[in-house]
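*Asks:* All the letters of the sequence shown, read from the start, carry residue numbers -22 to -1, 1 to 96 under mature numbering (1 follows the signal peptide of the UniProt record, and there is no 0).
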Amino acid sequence: MFKFILKCVLLSFLMQSNYLHAEQKQIFDNLSVHYIAIPTKFLTPNIAHQYSIKRSKYNGLINISVIDNTQNNKAIYAIVSGTARNLIGQIHPLNFTLVNEGDAIYYLATYPFLNEEI
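Following this line, the structure appears as structure tokens:
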């Protein structure tokens, strides 16, 4: 239920901004990896608190979900890791947190950025 609310909140903010682009996903054989990155200031205080995310104009949020295309597009568990790189090449490791809400499985990570980097 909270994933649905989070998606609705994120979508409503994205539709009012220039961050909305075509669907963001990569396909690997039978898996689809869906991802989105937004500033954490777009989250409502309640959603940010629910997921222990600090709201700031200097923090971004990455949401990644992995879908098995052979199992009726079912969300699956995965090992998710990554890094964020800023404009001058500094690398920031991403620490993903698993969120499991019934049929919804996704991974959240925050990262710092400057306004010019978004």
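Every residue, glycine too, gets a C-beta built ideally from N, C-alpha and C. These numbers were taken from a predicted model, which means no experiment stands behind them.
What number of angstroms, rounded off, separates the C-alpha of THR18 from the C-alpha of ASN8?
*Replies:* Going by the C-alpha atoms only, they are around 31 Å apart.
*Asks:* Going by C-alpha to C-alpha distance, which of PHE6, LEU65, THR88 sits closest to THR48?
*Replies:* Among PHE6, LEU65, THR88, the Cα nearest to that of THR48 is on PHE6.
*Asks:* Check whether the Cβ atoms of ASN73 and ALA87 lie closer than 7 Å to each other.
*Replies:* Cβ distance < 7 Å, so ASN73 and ALA87 count as in contact.
*Asks:* For the beta strand (DSSP E) containing ALA56, name the first residue and the last one.
*Replies:* Careful: ALA56 lies outside any beta strand (DSSP E) and carries neither H nor E.
*Asks:* Measuring alpha carbon to alpha carbon, tell me which of LEU92, ILE83, LEU76 ends up nearest ILE66.
*Replies:* It is LEU92 whose Cα lies nearest to the Cα of ILE66.
*Asks:* ILE45 and ASN51 - do their beta-carbons sit closer together than 7 Å?
*Replies:* Cβ atoms of ASN51 and ILE45: closer than 7 Å.
*Asks:* Given a cut-off of 7 Å, decide if ASN41 and TYR84 are closer than it, judged by their beta-carbon atoms.
*Replies:* Yes, these two residues count as a Cβ contact at 7 Å.
*Asks:* Who are the Cβ neighbours of GLN4 in its own chain at under 6 Å, not counting the five residues just before and after it?
*Replies:* Once the five neighbours on either side are set aside, the close Cβ partners of GLN4 are VAL11.
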